[in-house]
Amino acid sequence: MLELKDICKVYNPGSVNEMCLFDKFNLTIDQGSFVSIVGSNGSGKTSMLNIVCGSIPIDSGEVRINGKNINGKKDFCRYQTIGRVYQNPSMGTCPHMTILENMSLADNKGKSFGLSKGVNRKHLDFYKEQLSVLGLGLENKMDTLVGALSGGQRQAVSLIMATLTPLDFLILDEHTAALDPKTAELIMALTDKVVKEKHLTTMMVTHNLRYAVEYGDRLLMLDKGQIVLDKAGADKAAISVEDILHLFNTISIECGN
Ligand SMILES: Nc1ncnc2c1ncn2[C@@H]1O[C@H](COP(=O)(O)OP(=O)(O)OP(=O)(O)O)[C@@H](O)[C@H]1O
Ligand SMILES: [Mg+2]
Numbered sequence: 003m004l005e006l007k008d009i010c011k012v013y014n015p016g017s018v019n020e021m022c023l024f025d026k027f028n029l030t031i032d033q034g035s036f037v038s039i040v041g042s043n044g045s046g047k048t049s050m051l052n053i054v055c056g057s058i059p060i061d062s063g064e065v066r067i068n069g070k071n072i073n074g075k076k077d078f079c080r081y082q083t084i085g086r087v088y089q090n091p092s093m094g095t096c097p098h099m100t101i102l103e104n105m106s107l108a109d110n111k112g113k114s115f116g117l118s119k120g121v122n123r124k125h126l127d128f129y130k131e132q133l134s135v136l137g138l139g140l141e142n143k144m145d146t147l148v149g150a151l152s153g154g155q156r157q158a159v160s161l162i163m164a165t166l167t168p169l170d171f172l173i174l175d176e177h178t179a180a181l182d183p184k185t186a187e188l189i190m191a192l193t194d195k196v197v198k199e200k201h202l203t204t205m206m207v208t209h210n211l212r213y214a215v216e217y218g219d220r221l222l223m224l225d226k227g228q229i230v231l232d233k234a235g236a237d238k239a240a241i242s243v244e245d246i247l248h249l250f251n252t253i254s255i256e257c258g259n
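Here the numbering used here is used: the first residue of the sequence shown is 3, the next is one more, and so on.
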């Protein structure tokens, strides 16, 4: 279980640009839950994910995993059990390395190893099996440089790499936003498949309201650092894209836009 407890986060404190984003922000996410997160630009979605990952400091509050305070745990330590896929397909992979080398790198996450030992041929079959789930034929291109793949292919490899080792959390930040509609659909379906097969606790930020409605078992909407919608289970299943759009518009009108 993940808990964000009374989180306070102020950007640029003491300057003219000071901005209090989170003021005693609370969120609990159950083990195995797949949470879709929507919200307008600047509502705090990425900041929230960064706080979970330890990528940005907080001013007060606690990040807890299974009841244990992990505030003091550095981001690179947290990433040993957190997989993250970014909006930009080039963020999660090394372009100058082959698919095999990238997979091996992901497999060795958190372990100390020299580059000479980086590619473990013994695991080749395992990597191929994982990639074959994608249905893109990448398992037959193990020696291809990742930089030579399309954005969609690269994002698919990023997803498999992020989920190769045992995880506490999968963090997805608009991971389909840079893809064409067909490839985005494919990556989204693959994401759902991987999440279900590996029983991953997942936080997915998306601007695609249909994905937010269709996928996951809980839906959150953020606005100005606050949760303005939180529906799970049957309540979530009953929500439509129109409902969320209506809420977006209501908030926007309240803001005077
Ligand atoms: N490093 C930073 N320094 C100062 N302000 C920041 C920083 N990162 C984010 N902010 C501010 O915090 C607010 C929330 O930003 P954040 O990136 O979390 O929003 P978001 O919901 O992910 O938006 P988007 O949908 O555009 O990705 C914004 O007002 C942003 O300007
Ligand atoms: Mg963001």
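For each residue, glycine too, the CB sits at the ideal point set by N, CA and C.
Under 7 Å between C-beta atoms of residue i and residue j
i      : j      : result
Tyr88  : Met105 : no
Met223 : Val40  : yes
Asp25  : Met3   : no
Ser49  : Leu23  : yes
Leu221 : Ser42  : no
Gly63  : Lys111 : no
Val215 : Asp175 : no
Thr178 : Ala186 : yes
Asp219 : Phe36  : yes
Met144 : Leu181 : no
Option nearest residue i by Cα separation, candidates the options
i      : options                           : result
Glu256 : Pro59, Ala186, Lys226 and Phe24   : Lys226
Val135 : Val159, Gly149 and Leu102         : Val159
Arg80  : Leu172, Asn43, Met99 and Ala150   : Leu172
Gly34  : Leu222, Ala180 and Glu199         : Glu199
Ile67  : Met190, Ile58 and Thr83           : Thr83
Met99  : Arg156, Ala214 and Ile9           : Arg156
Gly153 : Thr165, Gln132, Glu141 and Leu188 : Leu188
Val148 : Met190, Cys96, Gly218 and Gly139  : Cys96
Leu202 : Asp182, Thr165 and Ala186         : Thr165
Ser57  : Lys195, Lys75 and Asn142          : Lys75
Met163 : Lys184, Thr185, Ala179 and Leu140 : Leu140
Lys70  : Glu103, Gln228, Ser92 and Glu5    : Glu5
Thr204 : Tyr217, Arg212, Leu211 and Asp245 : Tyr217
Asp61  : Leu107, Ile9, Glu103 and Asn14    : Ile9
Val243 : Phe250, Thr252, Arg212 and Glu131 : Arg212
Residue i, buried or exposed, once every other Cβ within 10 Å from all chains shown has been counted against 16
i      : result
Ala236 : exposed
Ala239 : exposed
Gly94  : buried
Lys11  : buried
Val18  : exposed
Arg86  : buried
Lys47  : buried
Asn73  : exposed
Leu247 : exposed
Gly137 : exposed
Asp77  : exposed
Ala191 : exposed
Asn142 : exposed
Asp305 : One cannot answer for residue 305 here, as it falls past the ends of the chain, which runs 3 to 259.
Pro91  : buried
Asn210 : buried
Ser254 : exposed
Asn251 : exposed
Counterpart residues of residue i in DSSP-defined beta bridges
i      : result
Ile31  : Leu4
Arg86  : Ile173
Leu231 : Met223
Ile67  : Leu4 and Lys70
Val207 : Ile39 and Asp175
Met21  : Tyr13
Three-state secondary structure (DSSP) of residue i
i      : result
Ser62  : strand
Ser38  : strand
Asp145 : coil
Tyr13  : strand
Cys55  : helix
Lys75  : coil
Thr100 : strand
Lys238 : helix
Lys111 : coil
Lys195 : helix
Lys200 : coil
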